[in-house]
Amino acid sequence: MHLSSLTLKGFKSFASATTLRLEPGITAVVGPNGSGKSNVVDAIAWVLGEQGAKSLRGGKMEDVIFAGTAGRPALGRAEVTLTIDNADGALPIDYTEVAITRRMYRSGESEYEINGDKVRLLDVQELLSDSGIGREMHVIVGQGQLDAVLSGRPEDRRGFIEEAAGVLKHRKRKEKALRKLTAMQANLDRLADLTTELRRQLKPLGRQAEVARRAAGIQADLRDARLRLLADDLVALRSALDSDVADETAAREQRARVETELAGAAGRQAGLEGALAADAPALAAAQDTWFRLSTLGERFRSTAQLAAERHRHLSAPVATSSGRDPDALDAEAGRVEATEVELAEQLAAERARLAAATGARTGLDADLAVAERELVAAARALADRREGLARLSGQVAAARSRVSAGEAEVERAREAADGAASRVEAAEQALAGAHPAETTAERALEGSGDDDAGPAVAAHEAARAAQVEAARVVAELADAERVAERERGAARARRDALALGLAPVDGAAAVLAGAADGQLGGVAGPLAEQLTVHPGDEVAVAAALGGLAEAVVVTAPRAAADALAHLADTSGGRVALVVAGADGAGGDDAREDGAGEGAGRPALPAGARWALDLVTGPPHLGPGLARALAGTVVVADLDAAVAVVSAEPGLRAVTATGDVLAADRALGGQPDAPSGLEVRARVEAAEAQLARATTHAAELAGQLARSREVHREAGLAVEAAAASRRDAERARAARERELAGLTADLRSATAEAERADAARVRAEQGLEQAGEALAALADRLAVAEAEPVAEEPSPAERDRLRAEVAALRAAETEARLAVRTAEERARSLQGRAESLRRQARQERAARERAEQARRTRVRGAAVAAEVRAGAERALALLGTSLGLAVAERDALAAARTGREAELLAVRTRVRELTADLDRLTDEVHRDEVARAEQRLRIETLETRAVEEHGIELAELVAEYGPAAPVPPSAPQVAAAEQAGDPAPDPVPYVRGVQERRAAAAERDLAALGRVNPLALEEFAALEERSAFLTTQLEDLRATRRDLLTVVREVDDRIHEVFAAAFADVQREFEQVFQTLFPGGEGRLTLTDPDDMLTTGVEVEARPPGKKVKRLSLLSGGERSLTAVALLVAIFRARPSPFYVLDEVEAALDDVNLGRLLTLVEQLRGTSQLIVITHQKRTMEIADALYGVSMRGDGITGVISQRLRAPA
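All residue numbers for the sequence shown refer to the working numbering, where the first residue is 848 and numbers rise by one.
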């Protein structure tokens, strides 16, 4: 196995298609710096899968694409093809020649191909891994990599040995197994959690399923009992209707007699009321006179008491003020002003001293700055002269070296130009003899540019893309159709199952049945049917309503009382009733609690909502809902509920899961069955989902049919375009191979000749310029050395000025402190004198106001005494007038009392007669209503029998009437069969027995609680899923055990292979080191010999004549030789088909180069070597030479020369 060719197109400086024919042995790639030699190495690494842009000497991976020059635009893609001769079958693929291609576009897309078939990078790496070529790329030794081999970590050096020994494929297998283990552990944890959760859910769901089975049997027994009671009610109502008609005539006659007596009593009542009306004005006038006189007496007594109190208050002595003397305050203000004047004079003196100190310090600062600048300038001048002499000496030595190198370069350039001219002439003659021809198939592949696809290629790619897109659309639509059908079936099943749970239970069913039978009036139906709840909030609203969620709506309190009495009579259980339009004492408050935000409700935190805002219904249910949901808030979770109740203890919080929390109580947990609101919302949602799923499935079916037809047509177009493209590509490939070789030879020869001439001219010009520069530099150096040397400057003057500045700064600081102290004392006394004078003025004004108030109180006391005496005289006169008014009022009141007593007796009789008349009228009406209700009940019972139970009247009376015997129930038959007895005989109908039987069945249903209609279906599905997950869990555990076994086997194989490889490399390293360092000693050691899976590899090197072993103490050449020794030892211990060496001998002298070339020649027999070099001796041992050069347009060209005939 060896590399047979390398083709580059658009890769870095190789803008045009360039092919390097490679043969076994040593191939040397030579050329000047910057011509693109190392790009050949980068191309080999890149096509083999290198992913690091820095390893390819770039900033990003797109840098490998030709970036363009002044004369040629940038390309859109880079492509490299490496052809490997696999005649010996070293690669595990059934081809004798393997072509690996990598292609990259500027958009970042990358492609890999093996013999024209698109593959993944992983496929390329796995193909090469068995031949010792892996991700570490140890077969490619680039520039600067030698030092990295030694300076790297021991674990990195272990990677080179592992790659050469083929261990990396085992490591990749282990890494893949470990990744699967990690992902599997996550699946195991998830499955364990799921099975635990399913087991937790199975128990309560199993109980609900058992309750659903029991409920079905109880409902059948309840239906039989209700049908028998219904037939008995129908027969009894028909008999009672015939016996109630005779009572109507007697009631009408008695009502006529009462009406006559009531008319006489009403006439007497009218006469008495007229007499009382005539006496009323006189009695009212006497009463008014007495009231006015009494009011006037009270006012005079109040005036006398107020005047006496005011006289007492104004006659009492008043306390005088005891403030400071105003004259003393004025004297103290004068003393404060004198102190302020003294402080102002002291502050002015301190400020003058501070100004003097600041001025002196500023002058010395300027002198100090000037002295420091002079000292720095003198020191810098002396340093500059010394640096100039050293720089001139170095420049003279460098100029002499350039002159010597220029002379040698001129001679080499002349020889290269002569050889290049002869090669150009030969290439032109060969190209002139070629006559290219162009076929129709080739023109079909040609485009508008180098990177554009021709018509045939474009047509094939377009057809292929259309086929892939059509296939994707067909697959998506088919999957979508299957999903839509499953969703439609699931929605229909869910709708049907949920509808079974809407039937009312317990007392609600009995009330609705009574209303249907006509036994109860004013029943409007279940509350849940009349409410609309905000979607998603059904659970919370049901929990907030509590028992009212399953309530029945009635139209009036009377209807509610009748319903409760009916339940008590029939043992129908309990029921919650809502009276429509009812508004009790708390109605206004309840409505305020349910009003909007502006009605006084407290503000709620974010995410909380009032429960009443989530419910809408008929207006007549508004008051009842407002009272039921007053002060109830819906929140997201229990934490939010705690926050609401803590902030407002009067509120009640309900969570989205149905938990209720108040300041003094809480209710919640896991519900046994959904409420009626929840079931109804689920039914409506299921119906909407079923409609959407049906429409969506029909649309998808039409789209799928159209897409399948498009996919069939696209397949035919792809086949036709592919045939055309293959014909065109075969013709074009043959023509391009013929012309590419001739054109490349001519371009290479021409470019080489041009570069040789240019190099010769540049060498001659450079030699001339170097001679002139050497003469000028020698003269400058002589002049500089003859100049006198100045003395070192003295810093004494600068130090003296620094000391004086420091002293003046200390004095300035003391002056500033004194100024601040004086200013603080002056501010503390400022305004004190004016404040004392203001206090003196205020004290004099207060004394004047007190004297004026004393005189005003004396005058007020005299006026109060006169008012008290006048009021007492007026009270004596009012007493006489008030006695006369009382006597007149009492006489009129006695006469009115007699007439009122007689009128009261008459009114009592009228009320009794009116009550008798109303009672008789009500009885007549009630009899009429009762007969109508009896007829309505009969009709209702007949309708109910047909609509609810699906049985005709004749069949109902015949099979379930009172005359029909009652067969034994299913439990009785089952008990007899279990005991081995014959089935019980039918028994006569007894209403009490059947009522107890129906009540017992309803109690059993009530004891069961809410029945989940989906429990049986959900329990079966959940049980099946639990069994499936348990099986999957066991499968995953078995797979995990298998993977752990694989990991152990891989570790054993890695241990065995690496131990053998390291032993061989260690042996070869000692031999190679002896060859490169005769008399020296080198060896390889393991950092952790006990752990062969993770141990690193350390390198110990002791050149001859030295005792050091640390690699950091070796010289640059010794480090390079040591690194080469390690790599060659790996090459010899585990040979690879080929190696690429990029200027590995650049740092070696002639002796060490000869030793290295001896090793390289030894490798020639086992491996193919591609060497990038500048050394002539390396070129001499090569079997073939490739010359790489850079033309003036910035594009790399290549020429070749075989030095030895192939073996």
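Beta carbons are placed, not taken as given, at the ideal position from N, Cα and C, and that holds for glycine.
query                                                                                                                     : result
Expected contact under 8 Å - CB spacing of G1929 and E1915 to nearest Å                                                   : 11 Å between Cβ atoms; not a contact.
Per DSSP, the bridge partner or partners of A875                                                                          : V2018, L2032
Buried versus exposed call for H1307 [16 or more other C-beta atoms within 10 Å across all chains shown]                  : buried
Buried versus exposed, by CB contacts within 10 Å (16 or more), D1506                                                     : buried
Inter-stretch contact (C-beta, 8 Å, three-pair minimum) for the stretch 1851 to 1862 and the stretch 1875 to 1883         : no
Where the beta strand (DSSP E) containing I931 begins and where it ends                                                   : 924 to 932
Environment of P939 [buried if 16+ CB atoms lie within 10 Å]                                                              : exposed
Contact between the stretch 1759 to 1774 and the stretch 1098 to 1107 (3+ Cβ pairs under 8 Å)                             : yes
Distance CB(A1629)-CB(A1246) smaller than 8 Å                                                                             : no
Terminal residues of the beta strand (DSSP E) in which S2047 lies                                                         : 2043 to 2049
Where G1856 falls: helix, strand or coil (DSSP)                                                                           : coil
8 Å Cβ cutoff met for G2001 and V877                                                                                      : no
Cβ separation of F861 and L867, assumed to be a contact under 8 Å, to the nearest whole Å                                 : Not quite, the Cβ-Cβ distance comes to about 10 Å (not below 8 Å), so this is no contact.
Distance between beta carbons of L1655 and V824, contact taken as under 8 Å                                               : This structure does not reach residue 824, given that the chain is present from 848 up to 2054, and the question cannot be answered.
Extent of the continuous beta strand (DSSP E) to which K965 belongs                                                       : 964 to 966
According to DSSP, residues forming a beta bridge with F1985                                                              : Q2015
I1785 (DSSP reduced to helix, strand or coil)                                                                             : helix
Cα-Cα separation between T1744 and A1752, rounded to whole angstroms                                                      : 13 Å
Beta-carbon spacing of V1481, L1378 below 8 Å                                                                             : no
Span separating the alpha-carbon of E1285 from that of G2044                                                              : For E1285, the predicted model reports a pLDDT of 46, less than 50, meaning its position is unreliable and no value from the coordinates is stated.
K859 burial status per 10 Å Cβ neighbour count (16 or more: buried)                                                       : buried
Exposure of R1607, with buried meaning 16 or more beta-carbon neighbours within 10 Å                                      : buried
Test item: CB-CB of L1803 and L1088 under 8 Å                                                                             : no
Buried or exposed (CB count within 10 angstroms, at least 16 for buried), G1431                                           : Bear in mind that the predicted position of G1431 carries a pLDDT of just 45, short of 50, making it too unreliable to give a figure here.
Cut-off 6 Å between Cβ atoms - residues of its own chain near R1157, not counting five sequence neighbours on either side : A1711
A1510 - DSSP class collapsed to helix/strand/coil                                                                         : coil
Three-state secondary structure assigned by DSSP to I2080                                                                 : Residue numbering for the chain in the displayed model covers 848 to 2054; residue 2080 lies beyond these limits and cannot be assessed.
Contact the stretch 1390 to 1401 vs the stretch 1819 to 1834: 3+ CB pairs below 8 Å                                       : no
T1043 in three-state terms, based on DSSP                                                                                 : helix
V1400 vs A1528 beta-carbon contact at 8 Å                                                                                 : no
For T1942, three-class secondary structure by DSSP                                                                        : coil
Residue interval of the alpha helix (DSSP H) (run including I891)                                                         : 884 to 894
Helix, strand or coil at R1930 [DSSP, three-state]                                                                        : strand
Start and end residues, alpha helix (DSSP H) containing Y942                                                              : Element bounds for Y942: n/a, residue is neither H nor E.
Collapsed DSSP secondary structure at R953 in the structure displayed                                                     : coil
Counted within 10 angstroms of its Cβ, other Cβ atoms place A1538 as buried (16 or more) or exposed                       : exposed
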